[in-house]
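To convert, note that position 134 of the sequence shown is 128 in my numbering; the numbers rise steadily by one, no gaps. Report on one structure; see the data block that follows.
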Amino acid sequence: MTELKNDLVLRALRGEKTERVPVWMMRQAGRYLPDYLKLKAKYDFFTRVQTPELATEITLQPVDQVGVDAAIIFSDILVIPQAMGLEVLMEEGKGPSLPQTMKTQEDINCLITEGVEESLKYVTDALSLTKKELNGRVPLIGFAGAPWTILCYMVEGKGSKTWDKAKQFAYTQPQLAHQLLQKITDITINYLKAQVKAGADMVQVFDSWAGALSPADFKMYAQPYLVQIADALKDDAPVILFPKGTWYALEDLSKTSAAGLGLDWCISPQMARQFTGNRITLQGNFDPSKLLAPIPEIKRSVKEMIDGFGTQRYIANLGHGIMPNVPVDHAKAFVDAVKEYNHE
Ligand code: CP3
C-alpha cells in the first residue's frame, strides 16, 4: 500500500489536528470541466461509468486541475437499481429515468439481491485502478445513494420536485416501503464494503432527497437505514452521511457511528456546531450557486464560512453538487480560498 501524502480529509474525519482545512467538492468529477465534456461527447454516460480507464481519468481530472484534497470515484448512485435488475436510462437534458417503477409486492420480489458485487465489479475495478493512478496523492472516496433516495428513483421512475409518488408509496404501503428500504440497505452495505476493499479510503452516503420528508417521516423512512449503514461500515472506513435538508436530524446523527456529516447551505455553521456539539466532523456547506458570484465575493464568503465552522473537525465543501455552468476559475478560486485561509 502506498502511503498517503495528503491525508488531511481522513485526519479531519478522525478528529485529529489538521494544519489547514481540507477541501473537495461534491460532484467535482464531471459536469463542468472542459476535459470531461470532451469525453462526454465521445462516450455515453454508462460507458463512461462502466469503463474503468474512463472512470479513472474523469476521477483524476479535478485532482490534477483544481487541486482538491480528495478524489471521488466517477460513478452514479443509480448503479444500485441497475444491479437490482432495473433499466436506468440517462437522457441528455432530461436526467435519469427508470421505466419499470416499483408499485407492488410482486415488483419488489422480482428485484435481484444476490451477486450484486459481481455485477458492480466495474466500480471496484475503477476504484483499484484510480487508487493506483493516484499513487497516494490524496484519499479516494467511494459512495452510494442512501436507501430513501434510491427508493425515490425506484418508485417515481425519474427526478421530481416533490417526490409525491415515492411518498404516497411509503404512506399507503409502509410495510412494502420498509421491505424495499431494507433490501437496498443490505445491498448498499455489501457494495460499500467492496468499495473499501478495492481501495476507497472513506465513503459518503448521498441522501439527496431526504429533505422531501417531514422530520417524523425522515425518522421513519430514512434515518434508521442511514444508521444501519454507518454501523455496518464503522470498522471498515470513515462514513460521511449527507442527508440534504435535514438540519433537525443533525443532533441525532452526530451520536451515530458516522465519522462526518455533510451539510447543505440552509443552516449556519454556528447552528450546525451547536446541534452536533463537536462530537463529529462537519462537511460543507457553501451554496453551490455562489460559485457563480464574482471571485472576490466567493473568497469573502469562504472566509466567512470557515470563520463559522472553525478550522478543526471540518472539511470544506459545497452544500450540494457543483453545477455544470460554473466557470473552472471560480471552482479553483473556491478551493484556493480554503487553502489560503489564515490558520493563525
Ligand atoms: O463527483 C462526481 O460527480 C462523481 C460522480 C457522481 C455522479 N453522480 C456522476 C453523474 C456522483 C457522486 C453522483 C451522485 C448522484 N447521482 C446523486 C447524489 C448527489 C446529488 O447530486 O444529489 C444523484 C441524486 C444522482 C442521480 C443522477 N445522476 C441525476 C439526477 C443525474 C442527472 C443530472 C445531473 O447532472 O446530476 C445523473 C447523471 C450524472 N451522474 C451525471 C454525472 C456526471 C451527468 C450526466 C453526464 O455527464 O452525462
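Beta carbons are placed, not taken as given, at the ideal position from N, Cα and C, and that holds for glycine. Keep in mind that this is a model prediction, so the values were computed, not measured.
Check: residue i C-beta below 6 Å from any heavy atom of the ligand CP3
| i | result |
| --- | --- |
| S202 | yes |
| G24 | yes |
| K326 | no |
| M75 | Note that residue 75 corresponds to Pro in the displayed sequence, not to Met. P75 Cβ: outside cutoff for every heavy atom of the ligand CP3. |
| R131 | no |
| G254 | no |
| K88 | no |
| K354 | What the structure shows of the chain is the stretch from -5 to 338, and residue 354 is not part of that stretch, so it cannot be assessed. |
| G313 | no |
| P70 | Note that residue 70 corresponds to Asp in the displayed sequence, not to Pro. Because some heavy atom of the ligand CP3 lies under 6 Å away, the Cβ of D70 counts as near it: yes. |
| F269 | no |
| R14 | no |
| I234 | no |
| F39 | yes |
| F303 | no |
| F280 | no |
| I309 | no |
| I144 | no |
| F163 | no |
| I66 | yes |
| F137 | yes |
| R5 | no |
| R21 | yes |
Residue i, buried or exposed, once every other Cβ within 10 Å from all chains shown has been counted against 16
| i | result |
| --- | --- |
| A210 | exposed |
| C146 | buried |
| K155 | exposed |
| L80 | buried |
| S202 | buried |
| Q361 | This structure leaves residue 361 out entirely; the chain is present only between -5 and 338. |
| S208 | exposed |
| G24 | buried |
| L31 | exposed |
| P133 | buried |
| Q22 | buried |
| G254 | buried |
| T118 | buried |
| D63 | buried |
| Q162 | exposed |
Paired residues, beta bridge with residue i - DSSP
| i | result |
| --- | --- |
| I135 | I66, M196 |
| P93 | P93 pairs with nothing; no bridge assigned. |
| V17 | A310 |
| G278 | A310 |
| L254 | Strictly speaking, residue 254 in this sequence is Gly, with Leu absent from that position. Its beta-bridge partners are I234, T275. |
| K152 | S91 |
(message) In chain order, what are the residue ranges of uninterrupted beta strand (DSSP E) at least 3 long that sit wholly in the stretch 190 to 250?
(response) Those beta strand (DSSP E) runs which fall completely within the stretch 190 to 250 and span 3+ residues are 196 to 201, 233 to 237.
(request) Note down, one range per segment and in chain order, each beta strand (DSSP E) of at least 3 residues found wholly within the stretch 47 to 88. (result) You should have 83 to 85.
(message) Just to confirm the assignment: which complete alpha helix (DSSP H) runs, minimum length 4, are found wholly within the stretch 107 to 134?
(response) Listed in chain order, they are 110 to 113, 115 to 128.
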